[in-house]
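A short worksheet on the structure shown next.
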Amino acid sequence: MSKQQEIIAMFDNIAGSYDLTNRVMSCGIDIAWRKKACQLAFKNLSKDSLNAVNIADVACGTGDMISHWQKNANKENVKIQSIVGLDPSEGMLNVARKKLPEVEFVQCEATKIPLESASKDIISIAYGIRNVVERKQALEEFARVLKPNGILVILEFTKCENPSFLEKLMGFYTKNILPFVGGIVSRNYRAYRYLPDSIEEFLTADKLNSELNAVSLKPLYTKAFSASVCTLFIAKKL
Ligand SMILES: C[S@@+](CC[C@H](N)C(=O)[O-])C[C@H]1O[C@@H](n2cnc3c(N)ncnc32)[C@H](O)[C@@H]1O
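693 is the number of the first residue of the sequence shown in my numbering; add one for each residue after it.
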């Protein structure tokens, strides 16, 4: 099994307990980060496209980000014309389909998106890009599927280069406490050990922005939250 297949199989294994574990581990703090992501994406779209927004949520998992798109669009009077969730894990998609039966979900990886070129106003990927082994290929796919001036939204746990005391403290929490709590709730310690390991192997925010620039996705906004535990990236397709 390839590293990518192993990662997807791991998500299949934890799909049933994913939502509960996530809620316990994040204590709901991610809701504010997701809300900010939706608000900023809408703000950076042209007025015209806000009447018929087409969204693809990549690595959608159990559909959390899709619910946030719907909720925030309602609040801000934005009209969603279409929304589709994409994920390679059958287990995660099964949970998503039960929660959001009206939404279309497609099983695929971020590196091979079965959507037309220049067809989406927004692509989002929340806590997903870290799991994509062929990241460059995925970023190229995002650039292909986005319309010109379309918006890419990435939420991700990023690595901190020169951590402050508070950032070190949060790093300790992510590395040691989170896997323990996640392991207990999901009864799969190995899967939640993967979380800090994959953050450690992942990029700094600056490096991810360079990779976005390299595929004509111009970074517009980068903001770290909660002592740099999570970073929000907003980029525009040139
Ligand atoms: C931490 S979950 C995030 C789920 C959801 N976006 C959320 O915000 O809760 C990561 C997701 O990435 C998916 N994933 C893993 N490898 C992937 C790949 N190569 N392409 C797209 N998604 C992938 C997993 O199946 C999993 O559902």
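We treat Cβ as the ideally placed atom computed from N, Cα and C, and that holds for glycine.
Just so you know, these numbers come straight off a predicted model, no measurement behind them.
* Would you say S918 and C852 are within 8 Å of each other, going by their C-beta atoms? -> no
Q. Should Q731 and N705 be called a contact, given that it needs their Cβ atoms to be closer than 8 Å?
A. no
**Study point:** beta-carbon N769 near ligand 1 non-hydrogen atom, thresh 7 Å
**Key:** Between ligand 1 and the CB of N769, the shortest heavy atom gap is not smaller than 7 Å.
Exposure label - Y881; buried when at least 16 CB within 10 Å: exposed
Item to complete: Taking Y881 as part of the alpha helix (DSSP H), name the residues at either end of that continuous run.
Response: 881-893
Subject >> Pair within 8 Å by beta-carbon distance, F834 and L930 >> reply: no
Using a Cβ-Cβ cut-off of 8 Å (strictly less than) and excluding sequence neighbours within five positions of C922, which residues of its own chain qualify?
D722, W725, L847, E848, F849, T850, A916
### Task
Pair every Cβ in the segment 883-902 with every Cβ in the segment 822-836, then say whether three or more of these pairs are closer than 8 Å.
yes
Can K791 and G753 be called in contact, C-beta distance under 8 Å? no
Using the Cβ count rule (16 or more neighbours within 10 Å means buried), how would you classify P806? exposed
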